[in-house]
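Trainee: Residue numbers (our numbering): 615 to 1153.
1. Within a Cβ cutoff of 7 Å, which residues of the same chain sit near residue 1098, ignoring the five residues on either side of it in sequence?
2. From residue 1199 to residue 619, what distance separates their C-alpha atoms?
3. Measuring straight from C-alpha to C-alpha, what distance separates residue 958 and residue 1117?
4. How long is the line joining the alpha carbons of residue 778 and residue 715, rounded to whole angstroms?
5. Measure the alpha-carbon distance for residue 690 versus residue 865 and round it to whole angstroms.
6. Which partner residues of residue 1063 appear in the DSSP bridge assignment?
7. Between the alpha carbons of residue 762 and residue 681, how many angstroms are there, rounded?
8. Are residue 820 and residue 781 close, meaning C-beta to C-beta below 8 Å?
9. To the nearest angstrom, how far is it from the Cα of residue 744 to the Cα of residue 729?
10. How many Å lie between residue 588 and residue 769 at the Cα?
11. Could you tell me the alpha carbon to alpha carbon distance between residue 914 and residue 995, rounded to whole angstroms?
12. Assuming contact is defined by CB atoms lying nearer than 8 Å, are residue 1135 and residue 964 in contact in what I supplied?
13. Go ahead and pull the three-state DSSP assignment for residue 988.
14. Nearest to residue 845 by alpha carbon, out of 794, 817 and 776?
15. How about residue 1033 and residue 1072: do their beta carbons lie closer than 8 Å?
16. Given a cut-off of 8 Å, decide if residue 954 and residue 937 are closer than it, judged by their beta-carbon atoms.
17. Would you report the Cα separation of residue 642 and residue 736, rounded to the nearest angstrom?
18. In this structure, how does DSSP classify residue 728 when only helix, strand and coil are distinguished?
19. How far does the alpha helix (DSSP H) with residue 918 in it extend, from its first residue to its last?
20. From the DSSP output, in three-state form, read off residue 674 for me.
21. Hey, would you say residue 1078 sits closer than 8 Å to residue 1047, going by beta carbons?
22. Looking at the secondary structure, which residues open and close the alpha helix (DSSP H) in which residue 653 lies?
23. Report the start-end ranges of each beta strand (DSSP E) in the segment 695 to 778 that is 3 residues or longer and not cut off at the edges.
24. Given a threshold of 16 other Cβ atoms within 10 Å of its Cβ, counted over all protein chains shown, does residue 757 qualify as buried or as exposed?
25. What residue does the beta strand (DSSP E) around residue 973 start on, and which one ends it?
26. Give me the residue from 1119, 1088 and 933 with the minimum Cα distance to residue 1103.
27. Would you give the residue range spanned by the alpha helix (DSSP H) that residue 1091 belongs to?
28. Sorted by chain position, which residues of the same chain lie with C-beta nearer than 6 Å to residue 1094's C-beta, five sequence neighbours on each side aside?
29. Are there 16 or more other CB atoms within 10 angstroms of the CB of residue 635, so buried, or fewer, so exposed?
30. Assuming residue 944 is part of the beta strand (DSSP E), what are its boundary residues?
31. Can you tell me which of 688, 921 and 1055 puts its alpha carbon nearest to the alpha carbon of residue 1129?
32. I need the boundaries of the beta strand (DSSP E) containing residue 1145, first residue and last residue.
33. Under DSSP, the beta strand (DSSP E) around residue 982 begins and ends at which residues?
34. Measure the C-alpha to C-alpha separation of residue 652 and residue 738 and round it to an integer number of angstroms.
35. Check whether the segment 1006 to 1024 touches the segment 1079 to 1089, counting contact only when three or more Cβ pairs, one atom from each stretch, lie closer than 8 Å.
36. According to the neighbour-count rule (16 or more other Cβ atoms, all chains shown, within 10 Å of its Cβ), is residue 1165 buried or exposed?
As structure tokens, this is what we get:
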């Protein structure tokens, strides 16, 4: 339950007579309504308000049912129109029975001023209903305000204003200290006849789900939501004894601070519920790449031997002409003094301890990305597939839009090209064990496995990461999803308006490399925890 839902529940209980106990000693609401009718009749005689053409009179019959007489017509039972039962001592009444429902006199735009008496439109009233304060943008002159006051209809203390166009049904209780006027039709005024009703109880009634539903039922029937005077007058209002109105308002005042605190906490929990799983997964990945997720096993072959094998494999591929020799290859090693050094090309090794962001276990090694993988861009030549060459099936043509948040490919939106088009491409063709990496666009820095595709090609906004040892792919997949990898990404981003990376920069990423056996334990643990997190119930 949200804070607003809790507030709505309290207000609904209030208008149904279920929030506070009834007191048999209270003067019944029927006596209150009689006084309001007498006061209205006197104001009609004095010419201060207009007489209703067909006034409504609702009463509870001796049989316990509710009846309504409209004008001089015969009373009819209205039990079926009433939305809920009310306690003994309460009454139902139309809004016109309780207030003089009116709008303002017409104020033309030519009467608007930059200073003077504030003039409120619907938007200002909505702001007043939310905060109780507003910075007026439009004013009328003091002279015009005096004319309006003499003619009647200027809001007085404890009158209730209702927004009637656009955002309808928002209410504001007029305070006695500030002068203002309001826009006709956009705002309705409930003039509190003889101040027989607690305005805060009436406001609570208008804020309740019951009356909000009634207000919006017909208001939404037009292009712009509107609450007319005619409709407003017919709204049914449950009226408690005045003493109970006071108790209801006091109870609401007592409960609302708790509701506000609940609302604030609920919103915090909702935010946590949204961010917690992702934050937890990021924390797990960070622990993983620092060697803190699973224990080290002294029996594992150290990562240094793994890197030696990869270097030998790489040298053989260069001799075979399958890959190009790096101009200035990097070699990072741990010296006997425990520090890390890097030799670039034929230069002297330099200590890089200050460049390393965290310590790694004894059996781990640091390496540049190009020490363990090679990188392939998509074909940008004249054979680059265009949309009019896509086919309904064939060979996958993968772009950044297919990379999903969880690191998989969106098969449902996949594009395909013909085998002929695929064969015409000179580069960017995937093979088993590859990872895909986004170099630009909205999915900048995202990575994905190529499954379930065994063949396919990539758009130029993607890059293929191909490992010299296929066993590395799963661990590096999770490494690339870690916060540390994203820090590397932004370190090498070219800083243009659209984020952009080049393969030569990705090659420079620092990789914390565990032994192969530990890599597998890390991957198994991450996947186990990921499954558990995905099954966590929402807060």
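Each residue gets a CB set at the ideal place from its N, CA and C atoms; glycine is no exception.
Mentor: So, from the listed chains and residues:
1. Closer than 7 Å at the Cβ level, and outside the excluded window around residue 1098, lie 900, 903 and 971.
2. Summary: the structure shown does not reach residue 1199, with the chain confined to residues 615 through 1153, and so no result is reported for it.
3. 18 Å
4. Straight across, the Cα-Cα distance linking residue 778 with residue 715 is about 12 Å.
5. 36 Å
6. 1049
7. 39 Å
8. Not closer than 8 Å, so no.
9. 24 Å
10. Nothing in the structure corresponds to residue 588, since the chain is present only between 615 and 1153.
11. Residue 914 and residue 995: Cα-Cα distance of roughly 46 Å.
12. no
13. strand
14. 776
15. no
16. no
17. 36 Å
18. The answer is coil: DSSP assigns residue 728 none of H, G, I, E or B.
19. 917 to 933
20. Here residue 674 carries a strand assignment [DSSP, helix/strand/coil].
21. no
22. It spans 643 to 659 - the alpha helix (DSSP H) in which residue 653 sits, taken as one unbroken run.
23. 705 to 708, 713 to 716, 731 to 734 and 774 to 777
24. Answer is exposed; the Cβ neighbour count stays below 16.
25. Run containing residue 973: none; DSSP gives neither H nor E here.
26. 1119
27. 1087 to 1093
28. The residues are 1061.
29. With fewer than 16 Cβ atoms within 10 Å of its Cβ, residue 635 is classed as exposed.
30. Its beta strand (DSSP E) spans residues 944 to 948.
31. The option with the nearest alpha carbon to residue 1129 is 921.
32. It is not in any beta strand (DSSP E) - residue 1145 instead sits in the alpha helix (DSSP H) that spans 1130 to 1148.
33. Per DSSP, the unbroken beta strand (DSSP E) holding residue 982 starts and ends at 979 to 982.
34. Taking the straight line from one Cα to the other gives about 35 Å.
35. Because the criterion of three Cβ pairs below 8 Å is not met, the segment 1006 to 1024 and the segment 1079 to 1089 do not touch.
36. The chain is shown from 615 up to 1153; residue 1165 falls before or after that span and cannot be answered.
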